[in-house]
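In this note's numbering, the protein residues as written are 271 to 430.
So, in structure tokens, the structure goes:
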């Protein structure tokens, strides 16, 4: 497997081709908490998901908004794995932003997914809309890729 020359395009392709990401938050005792979530995105920089505010990862974000995201194809053959790693700052979407954010988050949902309306994510509703603003992106570069002179799996900074 050889990586394409344009790693920025690779990052965009990985993000666009996947529906789930791993959301990494920090527990009160500083242990990591990993949660798979269905996501949508805007411009490969703002990531959206819907969750209960009582979920552990949601409570963690309320206190410690710095998160890590990993988006990868888990069906890839061994040695062909591709991943985008994203550092971000996450938060619940405030009620006053829901009309604009819902329009953005649910403009292109996958078949079978719910395109939530603002009134479904406020008041007594059990779910809320969350977002993460990316602060950096990296792609996985396998050690055996010819462009990787070290021969060891690494990450390379990209700007999708």
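All C-beta atoms in this analysis are idealised placements derived from N, C-alpha and C, irrespective of residue type, glycine included. Small disclaimer: the values here were computed from a predicted structure and weren't measured.
Open item on the list: Under 8 Å: do the segment 346-361 and the segment 380-398 share three or more Cβ pairs, one atom per stretch?
Closed with: no
Checklist entry - How is the beta strand (DSSP E) around residue 304 delimited, first residue to last? => result Walking along the chain shown from the start, residue 304 turns up at place 34. Per DSSP, residue 304 is one residue of the beta strand (DSSP E) stretching across 302-308.
- With a floor of 4 residues, list each alpha helix (DSSP H) that falls wholly inside the segment 344-387, ordered by position along the chain. Within the segment 344-387, the complete alpha helix (DSSP H) runs of at least 4 residues are 368-375.
**For residue 402, the three-state DSSP class (helix, strand or coil)** = Here residue 402 refers to the residue found at position 132 of the chain shown. In this structure, residue 402 counts as strand in the three-state DSSP scheme.
Practice task
Output yes or no for whether 7 Å exceeds the beta carbon distance between residue 311 and residue 353.
Solution key: By 1-based counting over the chain shown, the position of residue 311 is 41. By 1-based counting over the chain shown, the position of residue 353 is 83. Residue 353 is positioned such that its CB atom lies no closer than 7 Å to that of residue 311.
Give me, in chain order, the residues of the same chain whose beta-carbon lies closer than 6 Å to that of residue 302; leave out the 5 immediate sequence neighbours on both sides.
Along the chain shown, read from residue 1 onward, the residue named residue 302 stands at position 32. Excluding sequence neighbours, residue 302 sits near 294.
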